[in-house]
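Just below is one structure, and these are the notes that go with it.
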DNA sequence: ATGTCACATGTTATGTGA
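In the working numbering, the protein residues as written are 683 to 940.
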């Protein structure tokens with residue numbers, strides 16, 4: 683069972699790219715972030731024609747937005763917001779469903795820039811709620827995968843050598859501490875578990891030639907509880923997706939569970 | 001400060017979010 687996460691950065695502009703990738707990579711489950719559509723604009727017909735069913739949340743105005751796609755199965759929705767999020771009706775950032783006995787949480791954490799400021803406070807507050815919810819899911823007894831754009835660079839190894847992100851919310855010690863708290867609960871970062879020392883990125887900014895220079899960041903993650911970790915077979919990033927014409931600034935990251 | 005890209009407002013650009 684292949685489970686992927688992909689920050690699509692506007693599903694309207696990138697639908698052909700998404701369909702192409704679905705065909706090539708053939709994931710069984712996909713968590714999408716940054717749909718950037720009104721709820722009613724989701725391209726369900728095209729997704730169905732590609733062989734997937736879907737649950738999603740868009741919003742007005744067209745920011746954020748998350749979805750879970752499943753091939754050959756209906757995702758059984760368990761949540762469409764993070765419990766306790768005061769902005770749960772305003773910002774579409776979390777969706778959760780069971781697919782083939784695996785519980786999937788799809789997330790789009792707040793970016794948090796500029797930092798410091800209210801955006802950064804919102805990021806930390808959202809992550810606090812996410813950590814609390816993750817603790818509940820961890821203990822559920824079933825395999826759980828928390829997949830999405832965490833907007834956190836976990837360690838220095840997860841960013842190209844630079845000082846230009848030093849003030850960025852993605853690398854702040856407070857952000858990294860939140861990620862560490864998830865690992866301390868027992869969640870495994872799937873890519874780092876299988877590739878502890880590799881240089882792996884999932885995001886390359888459009889600016890300053892960062893893709894051609896491979897000046898990337900690893901901010902899209904799949905966290906696994908022990909029941910899911912036991913099944914972990916492969917993990918990776920479909921890096922080539924970032925190099926296509928009209929690509930998102932993120933590449934899909936994925937795991938294969940036995 | 002800059003670079004790029006998508007969207008909102010409602011220009012014939014400018015601002016925001018990333």
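No residue lacks a Cβ here, since even glycine has one placed at the ideal position from N, Cα and C.
Name, in chain order, the residues that DSSP records as bridge partners for residue 687.
-> Among the bridge pairs identified by DSSP, residue 687 is matched with 713, 935.
Terminal residues of the alpha helix (DSSP H) in which residue 801 lies = 800-820
Run the CB neighbour count on residue 797, radius 10 Å, all protein chains shown included, and call it buried at 16 or more, exposed below.
-> Label assigned to residue 797: buried.
Taking the alpha-carbon positions, what's the residue 691 to residue 755 distance?
-> 25 Å
Excluding the five sequence neighbours on either side, which residues of its own chain have a C-beta within less than 7 Å of the C-beta of residue 886, listed in chain order?
-> 892, 893, 897, 898, 924, 931
Select from 767, 750, 769, 768 the residue whose C-alpha is nearest the C-alpha of residue 760.
-> 750
Is the segment 699-716 in contact with the segment 729-737, if contact means three or more CB pairs nearer than 8 Å?
-> yes
Taking the Cβ atom as the reference point for each residue, do residue 713 and residue 783 lie within a distance shorter than 7 Å?
-> No. Outside cutoff.
Does DSSP put residue 919 in a helix, a strand or coil?
-> strand
Can the beta-carbon of residue 763 be found less than 7 Å from the beta-carbon of residue 776?
-> yes
Going by DSSP, which residues form a beta bridge with residue 870?
-> 906
Taking the runs of the alpha helix (DSSP H) that are 4 residues or longer, which of them lie wholly in the segment 844-889?
-> Runs found: 855-867, 872-876.
Looking at C-alpha atoms only, which residue of 708, 904, 734, 922 is the closest neighbour of residue 830?
-> 904
Cut-off 8 Å between Cβ atoms - residues of its own chain near residue 806, not counting five sequence neighbours on either side | Leaving aside the five residues that flank residue 806 on each side, the residues in its chain whose CB is nearer than 8 Å to its CB run, in chain order, 794, 856, 857, 860.
Beta-carbon contacts of residue 792 that lie in its chain and below 6 Å, excluding the five residues immediately before and after | These residues qualify, in order along the chain: 804, 805, 808.
By how many angstroms is the C-alpha of residue 854 removed from the C-alpha of residue 844?
-> If you take the alpha carbons of residue 844 and residue 854, they lie about 14 Å apart.
What's the gap between the Cα of residue 733 and the Cα of residue 833?
-> 30 Å
Residue 707 to residue 884, Cα distance in whole Å?
-> 16 Å
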